[in-house]
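All remarks here apply to the structure that follows.
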Amino acid sequence: MSNIIEVARHEFLSIVRKRSFLFTMIGVPLFSIAMMILVIFIQINVAESGTAQVNSLGYVDLAGVLDAQIDKPEQFMAYDSEDAVVAAMDNDEIDAYFIVPQLYMRTGQVSLYARGSVAEEVQSEIEAYISTNLMANVEGESGLSPELLRDPVDMSIYLESSGREITQSGFAGLFVMPMVYSFVFMFALQFSGTFLMSNVVEEKANRIMEILITSITPTELLAGKLLGLGLIGLLQIVVWVIVGIIVVVIGQSQNLEALSAITFPLDILAVGILFFLLTYFLYASILAGVGVIAGTEQDSRQIAGIFILPIILPFFFIANFITDANGTIPTLLTLVPFTSGSSILIRMVFTAV
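Residues 10 to 362 (the working numbering) make up the sequence shown, in order.
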(Lines of atoms letter the chains of each structure in order from A; the text may use other names.)
(Lines give C-alpha, C1' and ligand atoms only; values in the text may rest on other atoms or scores of the structure.)
Protein backbone atom coordinates (compact mmCIF):
# COMPACT_ATOMS: atom_id res chain seq x y z
CA MET A 10 0.00 0.00 0.00
CA SER A 11 2.86 2.35 0.81
CA ASN A 12 4.31 1.76 -2.67
CA ILE A 13 1.00 2.71 -4.28
CA ILE A 14 0.82 5.94 -2.26
CA GLU A 15 4.42 6.80 -3.11
CA VAL A 16 3.83 6.27 -6.84
CA ALA A 17 0.61 8.32 -6.67
CA ARG A 18 2.43 11.11 -4.82
CA HIS A 19 5.21 11.16 -7.42
CA GLU A 20 2.75 11.21 -10.33
CA PHE A 21 0.65 13.95 -8.75
CA LEU A 22 3.57 16.27 -7.96
CA SER A 23 5.34 15.69 -11.28
CA ILE A 24 2.23 16.74 -13.20
CA VAL A 25 1.13 19.62 -10.95
CA ARG A 26 4.53 21.27 -11.27
CA LYS A 27 4.32 21.44 -15.06
CA ARG A 28 3.49 24.84 -16.52
CA SER A 29 1.37 23.24 -19.21
CA PHE A 30 -0.87 21.70 -16.54
CA LEU A 31 -1.25 25.00 -14.67
CA PHE A 32 -2.17 26.73 -17.92
CA THR A 33 -4.68 23.98 -18.67
CA MET A 34 -6.24 24.13 -15.22
CA ILE A 35 -6.84 27.89 -15.47
CA GLY A 36 -7.26 28.46 -19.20
CA VAL A 37 -9.55 25.57 -20.06
CA PRO A 38 -12.43 26.72 -17.78
CA LEU A 39 -12.61 30.02 -19.61
CA PHE A 40 -12.57 28.28 -22.98
CA SER A 41 -15.08 25.68 -21.78
CA ILE A 42 -17.52 28.34 -20.58
CA ALA A 43 -17.44 30.03 -23.98
CA MET A 44 -17.96 26.69 -25.74
CA MET A 45 -20.80 25.69 -23.42
CA ILE A 46 -22.64 28.95 -24.01
CA LEU A 47 -22.43 28.30 -27.75
CA VAL A 48 -23.57 24.68 -27.37
CA ILE A 49 -26.47 25.69 -25.12
CA PHE A 50 -27.90 27.92 -27.83
CA ILE A 51 -27.38 25.19 -30.44
CA GLN A 52 -28.88 22.58 -28.12
CA ILE A 53 -31.98 24.69 -27.51
CA ASN A 54 -32.61 24.81 -31.26
CA VAL A 55 -32.05 21.06 -31.57
CA ALA A 56 -34.33 20.41 -28.61
CA GLU A 57 -37.07 22.48 -30.18
CA SER A 58 -36.78 20.53 -33.43
CA GLY A 59 -37.00 17.26 -31.53
CA THR A 60 -40.02 18.02 -29.36
CA ALA A 61 -42.93 15.63 -29.45
CA GLN A 62 -45.77 16.54 -31.80
CA VAL A 63 -48.84 17.96 -30.05
CA ASN A 64 -51.86 17.39 -32.31
CA SER A 65 -54.50 17.87 -29.61
CA LEU A 66 -54.31 19.93 -26.45
CA GLY A 67 -56.90 19.80 -23.69
CA TYR A 68 -57.54 22.47 -21.11
CA VAL A 69 -59.59 23.13 -17.98
CA ASP A 70 -60.62 26.68 -17.09
CA LEU A 71 -61.17 26.77 -13.32
CA ALA A 72 -60.83 30.56 -13.21
CA GLY A 73 -63.58 31.25 -15.74
CA VAL A 74 -61.44 33.54 -17.88
CA LEU A 75 -61.72 31.66 -21.19
CA ASP A 76 -64.77 32.56 -23.26
CA ALA A 77 -66.18 29.74 -25.38
CA GLN A 78 -67.35 32.32 -27.95
CA ILE A 79 -63.79 33.40 -28.71
CA ASP A 80 -62.08 31.46 -31.47
CA LYS A 81 -59.39 29.10 -30.25
CA PRO A 82 -56.76 27.01 -32.08
CA GLU A 83 -58.16 23.88 -33.71
CA GLN A 84 -56.20 21.48 -31.51
CA PHE A 85 -57.54 23.03 -28.27
CA MET A 86 -60.25 20.95 -26.56
CA ALA A 87 -62.15 22.16 -23.48
CA TYR A 88 -62.92 19.84 -20.54
CA ASP A 89 -65.11 20.39 -17.50
CA SER A 90 -62.79 19.02 -14.81
CA GLU A 91 -59.25 17.92 -14.10
CA ASP A 92 -60.36 14.30 -13.83
CA ALA A 93 -61.88 14.44 -17.30
CA VAL A 94 -58.80 15.91 -18.95
CA VAL A 95 -56.48 13.47 -17.15
CA ALA A 96 -58.63 10.56 -18.31
CA ALA A 97 -58.53 11.90 -21.86
CA MET A 98 -54.75 12.00 -21.79
CA ASP A 99 -54.54 8.51 -20.30
CA ASN A 100 -56.72 7.28 -23.17
CA ASP A 101 -54.47 9.04 -25.72
CA GLU A 102 -57.29 11.35 -26.80
CA ILE A 103 -55.00 14.35 -26.24
CA ASP A 104 -51.22 14.77 -26.22
CA ALA A 105 -51.02 17.37 -23.44
CA TYR A 106 -53.23 19.68 -21.41
CA PHE A 107 -53.09 22.90 -19.43
CA ILE A 108 -55.06 24.07 -16.41
CA VAL A 109 -56.00 27.64 -15.56
CA PRO A 110 -56.39 27.53 -11.74
CA GLN A 111 -58.96 29.42 -9.69
CA LEU A 112 -56.34 31.86 -8.41
CA TYR A 113 -55.13 32.70 -11.90
CA MET A 114 -56.31 36.32 -11.68
CA ARG A 115 -53.99 36.83 -8.70
CA THR A 116 -50.98 34.78 -9.70
CA GLY A 117 -51.10 34.46 -13.48
CA GLN A 118 -49.91 30.88 -13.10
CA VAL A 119 -50.87 28.22 -15.63
CA SER A 120 -49.89 24.54 -15.40
CA LEU A 121 -49.03 22.59 -18.56
CA TYR A 122 -48.88 18.79 -18.35
CA ALA A 123 -47.19 16.69 -21.02
CA ARG A 124 -45.50 13.33 -21.40
CA GLY A 125 -42.41 14.95 -22.91
CA SER A 126 -41.18 18.35 -23.97
CA VAL A 127 -43.63 20.72 -25.67
CA ALA A 128 -42.64 22.94 -28.56
CA GLU A 129 -42.38 26.65 -27.91
CA GLU A 130 -45.00 27.27 -30.60
CA VAL A 131 -47.60 25.41 -28.54
CA GLN A 132 -46.69 27.39 -25.43
CA SER A 133 -47.00 30.60 -27.44
CA GLU A 134 -50.47 29.56 -28.68
CA ILE A 135 -51.58 29.04 -25.07
CA GLU A 136 -50.31 32.48 -24.11
CA ALA A 137 -51.95 34.09 -27.13
CA TYR A 138 -55.31 32.41 -26.44
CA ILE A 139 -55.34 33.50 -22.79
CA SER A 140 -54.22 37.02 -23.72
CA THR A 141 -57.02 37.29 -26.27
CA ASN A 142 -59.59 36.36 -23.64
CA LEU A 143 -58.17 38.82 -21.14
CA MET A 144 -58.21 41.66 -23.64
CA ALA A 145 -61.79 40.82 -24.64
CA ASN A 146 -62.93 41.14 -21.03
CA VAL A 147 -60.66 43.98 -19.94
CA GLU A 148 -63.39 46.62 -20.00
CA GLY A 149 -65.78 44.70 -17.80
CA GLU A 150 -63.23 43.11 -15.46
CA SER A 151 -62.05 45.36 -12.69
CA GLY A 152 -59.84 42.67 -11.17
CA LEU A 153 -57.35 42.68 -14.04
CA SER A 154 -54.01 44.10 -13.01
CA PRO A 155 -51.62 45.84 -15.41
CA GLU A 156 -48.98 43.20 -14.55
CA LEU A 157 -51.33 40.39 -15.62
CA LEU A 158 -52.10 42.10 -18.92
CA ARG A 159 -48.43 42.71 -19.55
CA ASP A 160 -47.38 39.13 -18.72
CA PRO A 161 -50.56 37.01 -18.77
CA VAL A 162 -49.00 33.57 -18.29
CA ASP A 163 -46.49 32.31 -15.74
CA MET A 164 -46.32 28.75 -17.01
CA SER A 165 -45.06 25.72 -15.12
CA ILE A 166 -44.47 22.59 -17.18
CA TYR A 167 -44.89 19.12 -15.69
CA LEU A 168 -43.18 16.23 -17.48
CA GLU A 169 -45.25 13.22 -16.45
CA SER A 170 -42.67 10.68 -17.63
CA SER A 171 -39.97 11.99 -15.28
CA GLY A 172 -42.17 13.72 -12.68
CA ARG A 173 -40.22 16.98 -13.01
CA GLU A 174 -41.66 20.46 -12.73
CA ILE A 175 -39.91 23.20 -14.65
CA THR A 176 -40.63 26.80 -15.49
CA GLN A 177 -41.39 27.96 -18.99
CA SER A 178 -37.84 29.28 -19.46
CA GLY A 179 -36.17 26.56 -17.43
CA PHE A 180 -36.57 23.64 -19.80
CA ALA A 181 -33.30 24.35 -21.60
CA GLY A 182 -31.62 24.77 -18.22
CA LEU A 183 -32.10 21.07 -17.50
CA PHE A 184 -29.76 20.28 -20.38
CA VAL A 185 -26.92 22.04 -18.59
CA MET A 186 -26.15 19.15 -16.22
CA PRO A 187 -25.55 16.53 -18.96
CA MET A 188 -23.55 19.04 -21.01
CA VAL A 189 -21.44 20.10 -18.03
CA TYR A 190 -20.82 16.44 -17.25
CA SER A 191 -19.72 15.64 -20.80
CA PHE A 192 -17.50 18.66 -21.30
CA VAL A 193 -15.84 18.53 -17.88
CA PHE A 194 -15.30 14.79 -18.21
CA MET A 195 -13.90 15.06 -21.72
CA PHE A 196 -11.51 17.91 -20.93
CA ALA A 197 -10.38 16.43 -17.62
CA LEU A 198 -9.74 13.08 -19.23
CA GLN A 199 -8.12 14.60 -22.28
CA PHE A 200 -5.54 16.55 -20.32
CA SER A 201 -4.91 14.38 -17.28
CA GLY A 202 -5.03 11.24 -19.41
CA THR A 203 -2.53 12.79 -21.79
CA PHE A 204 -0.09 13.35 -18.95
CA LEU A 205 -0.50 9.73 -17.83
CA MET A 206 0.08 8.34 -21.32
CA SER A 207 3.09 10.60 -21.82
CA ASN A 208 4.66 9.40 -18.58
CA VAL A 209 4.02 5.75 -19.41
CA VAL A 210 5.44 6.11 -22.94
CA GLU A 211 8.46 8.03 -21.62
CA GLU A 212 9.18 5.51 -18.86
CA LYS A 213 8.85 2.65 -21.32
CA ALA A 214 11.15 4.30 -23.88
CA ASN A 215 13.80 5.14 -21.27
CA ARG A 216 13.62 1.69 -19.66
CA ILE A 217 12.57 3.33 -16.39
CA MET A 218 9.55 1.05 -16.11
CA GLU A 219 11.76 -2.02 -16.21
CA ILE A 220 13.76 -0.66 -13.29
CA LEU A 221 10.63 0.28 -11.33
CA ILE A 222 9.06 -3.17 -11.50
CA THR A 223 12.13 -4.62 -9.85
CA SER A 224 11.13 -2.74 -6.69
CA ILE A 225 7.34 -2.83 -6.91
CA THR A 226 4.80 -5.04 -8.61
CA PRO A 227 3.16 -3.99 -11.92
CA THR A 228 -0.18 -3.86 -10.10
CA GLU A 229 1.17 -1.38 -7.52
CA LEU A 230 2.74 0.71 -10.26
CA LEU A 231 -0.47 0.92 -12.29
CA ALA A 232 -2.64 1.49 -9.21
CA GLY A 233 -0.38 4.31 -8.06
CA LYS A 234 -0.46 5.96 -11.46
CA LEU A 235 -4.25 5.71 -11.63
CA LEU A 236 -4.61 7.12 -8.12
CA GLY A 237 -2.32 10.02 -8.95
CA LEU A 238 -4.25 10.59 -12.17
CA GLY A 239 -7.51 10.53 -10.23
CA LEU A 240 -6.25 13.19 -7.82
CA ILE A 241 -5.14 15.33 -10.76
CA GLY A 242 -8.57 14.98 -12.34
CA LEU A 243 -10.33 15.85 -9.09
CA LEU A 244 -8.14 18.93 -8.67
CA GLN A 245 -9.05 20.09 -12.15
CA ILE A 246 -12.72 19.44 -11.56
CA VAL A 247 -12.76 21.36 -8.27
CA VAL A 248 -11.15 24.39 -9.91
CA TRP A 249 -13.48 24.24 -12.91
CA VAL A 250 -16.59 23.79 -10.76
CA ILE A 251 -15.62 26.79 -8.62
CA VAL A 252 -15.19 28.90 -11.75
CA GLY A 253 -18.53 27.65 -13.10
CA ILE A 254 -20.36 28.41 -9.86
CA ILE A 255 -18.92 31.92 -9.81
CA VAL A 256 -20.07 32.51 -13.40
CA VAL A 257 -23.58 31.18 -12.71
CA VAL A 258 -23.96 33.16 -9.48
CA ILE A 259 -22.79 36.37 -11.14
CA GLY A 260 -25.07 35.77 -14.12
CA GLN A 261 -28.11 35.05 -11.95
CA SER A 262 -27.42 38.12 -9.81
CA GLN A 263 -27.42 40.19 -13.00
CA ASN A 264 -30.72 38.55 -14.07
CA LEU A 265 -29.21 37.01 -17.19
CA GLU A 266 -31.98 34.81 -18.60
CA ALA A 267 -29.63 32.15 -20.00
CA LEU A 268 -28.02 31.61 -16.59
CA SER A 269 -31.05 32.15 -14.37
CA ALA A 270 -32.75 29.19 -16.07
CA ILE A 271 -29.97 26.78 -15.10
CA THR A 272 -31.08 24.17 -12.59
CA PHE A 273 -29.20 21.33 -10.92
CA PRO A 274 -31.64 18.68 -9.63
CA LEU A 275 -30.09 16.79 -6.72
CA ASP A 276 -30.90 13.34 -8.10
CA ILE A 277 -29.21 14.12 -11.42
CA LEU A 278 -26.27 15.67 -9.56
CA ALA A 279 -25.79 12.57 -7.38
CA VAL A 280 -25.99 10.16 -10.32
CA GLY A 281 -23.65 12.40 -12.32
CA ILE A 282 -20.97 12.30 -9.60
CA LEU A 283 -21.25 8.51 -9.29
CA PHE A 284 -20.99 7.89 -13.02
CA PHE A 285 -18.21 10.46 -13.33
CA LEU A 286 -15.98 8.63 -10.85
CA LEU A 287 -16.69 5.16 -12.24
CA THR A 288 -16.31 6.14 -15.88
CA TYR A 289 -13.25 8.28 -15.14
CA PHE A 290 -11.27 5.36 -13.75
CA LEU A 291 -12.52 3.11 -16.57
CA TYR A 292 -11.11 5.52 -19.14
CA ALA A 293 -7.96 6.06 -17.07
CA SER A 294 -7.26 2.33 -17.07
CA ILE A 295 -7.77 2.18 -20.83
CA LEU A 296 -5.49 5.18 -21.44
CA ALA A 297 -2.81 3.64 -19.24
CA GLY A 298 -3.02 0.52 -21.38
CA VAL A 299 -2.81 2.63 -24.53
CA GLY A 300 0.37 4.22 -23.20
CA VAL A 301 1.88 0.77 -22.68
CA ILE A 302 1.14 -0.60 -26.16
CA ALA A 303 1.78 2.62 -28.13
CA GLY A 304 5.21 3.00 -29.64
CA THR A 305 5.35 6.80 -29.41
CA GLU A 306 3.44 9.58 -27.69
CA GLN A 307 1.89 10.62 -31.02
CA ASP A 308 0.56 7.11 -31.54
CA SER A 309 -0.92 7.07 -28.04
CA ARG A 310 -2.79 10.35 -28.65
CA GLN A 311 -4.31 9.05 -31.87
CA ILE A 312 -5.47 5.82 -30.26
CA ALA A 313 -6.81 7.63 -27.18
CA GLY A 314 -9.01 9.86 -29.35
CA ILE A 315 -10.99 6.81 -30.45
CA PHE A 316 -12.04 6.18 -26.84
CA ILE A 317 -12.65 9.81 -25.85
CA LEU A 318 -14.97 10.81 -28.71
CA PRO A 319 -17.86 8.50 -27.62
CA ILE A 320 -18.36 10.72 -24.56
CA ILE A 321 -20.31 13.25 -26.65
CA LEU A 322 -22.00 10.64 -28.88
CA PRO A 323 -25.39 10.82 -27.03
CA PHE A 324 -25.79 14.47 -28.02
CA PHE A 325 -25.93 13.46 -31.69
CA PHE A 326 -29.12 11.56 -30.84
CA ILE A 327 -30.68 14.25 -28.64
CA ALA A 328 -33.91 14.21 -30.66
CA ASN A 329 -34.34 10.51 -29.81
CA PHE A 330 -33.86 11.25 -26.12
CA ILE A 331 -36.47 14.01 -26.19
CA THR A 332 -39.18 12.17 -28.11
CA ASP A 333 -38.68 8.74 -26.50
CA ALA A 334 -36.22 8.68 -23.60
CA ASN A 335 -36.87 4.96 -23.03
CA GLY A 336 -36.49 4.07 -26.69
CA THR A 337 -33.99 1.69 -28.24
CA ILE A 338 -31.19 4.17 -28.96
CA PRO A 339 -31.22 5.96 -25.56
CA THR A 340 -31.41 2.64 -23.71
CA LEU A 341 -28.60 1.13 -25.77
CA LEU A 342 -26.35 4.14 -25.21
CA THR A 343 -27.04 3.90 -21.48
CA LEU A 344 -25.86 0.28 -21.42
CA VAL A 345 -22.57 1.03 -23.20
CA PRO A 346 -19.94 2.04 -20.59
CA PHE A 347 -18.33 4.66 -22.83
CA THR A 348 -21.59 6.59 -23.31
CA SER A 349 -23.55 5.61 -20.19
CA GLY A 350 -22.72 8.70 -18.12
CA SER A 351 -24.06 11.31 -20.53
CA SER A 352 -26.94 9.10 -21.68
CA ILE A 353 -28.42 8.38 -18.27
CA LEU A 354 -28.28 12.05 -17.26
CA ILE A 355 -30.12 13.12 -20.42
CA ARG A 356 -32.73 10.38 -19.92
CA MET A 357 -33.29 11.43 -16.30
CA VAL A 358 -34.35 14.87 -17.53
CA PHE A 359 -37.29 13.39 -19.45
CA THR A 360 -38.21 10.13 -17.75
CA ALA A 361 -37.74 7.92 -14.72
CA VAL A 362 -34.77 5.61 -15.22
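Where a beta carbon is used, it is the ideal one built from N, C-alpha and C, also for glycine.
Remember, predicted model here, so these are calculated numbers, not experimental data.
| Asked | Found |
| --- | --- |
| The ligand SAH heavy atom lying under 6 angstroms from the CB of D163 | Of the ligands one can find in the structure shown there are none, so the ligand SAH has no counterpart to examine. |
| Burial state of K27, where buried means 16 or more other Cβ atoms lie within 10 Å | exposed |
| DSSP three-state assignment for A361, whether helix, strand or coil | coil |
| C-beta atoms of N142 and D89 nearer than 7 angstroms | no |
| Presumed contact (8 angstroms Cβ cut-off) between M86 and L66, rounded CB distance | 7 angstroms |
| Whole beta strand (DSSP E) elements within the stretch 73-153, 3-residue minimum | 85-88, 105-109 and 118-123 |
| C-beta contact flag for V162 and V119 at 7 angstroms | yes |
| G300 vs M195 beta-carbon contact at 7 angstroms | no |
| Any 3 or more C-beta pairs closer than 8 angstroms across the stretch 229-243 and the stretch 321-336 | no |
| Other residues of its chain near S151: CB distance less than 8 angstroms, five sequence neighbours each side excluded | Note that S151 scores a pLDDT of 49, beneath 50, so its modelled location is shaky and nothing firm can be said. |
| Cβ neighbours of F285 in the same chain (closer than 7 angstroms, five flanking residues each side left out) | Y190, F194 and G350 |
| Of the residues Q84, L112, T340 and V362, the one placed nearest D70, counting alpha carbons only | L112 |
| Distance between beta carbons of I353 and T343, contact taken as under 8 angstroms | 5 angstroms |
| Buried/exposed call for Q311, threshold 16 Cβ in 10 Å | exposed |
| Short Cβ contact (7 angstroms threshold) for S297 with Q245 | Per the sequence shown, residue 297 should be read as Ala rather than Ser. Contact flag unset, no. |
| Given M164 as reference, the closest of V131, P187 and F192 once Cα atoms are compared | V131 |
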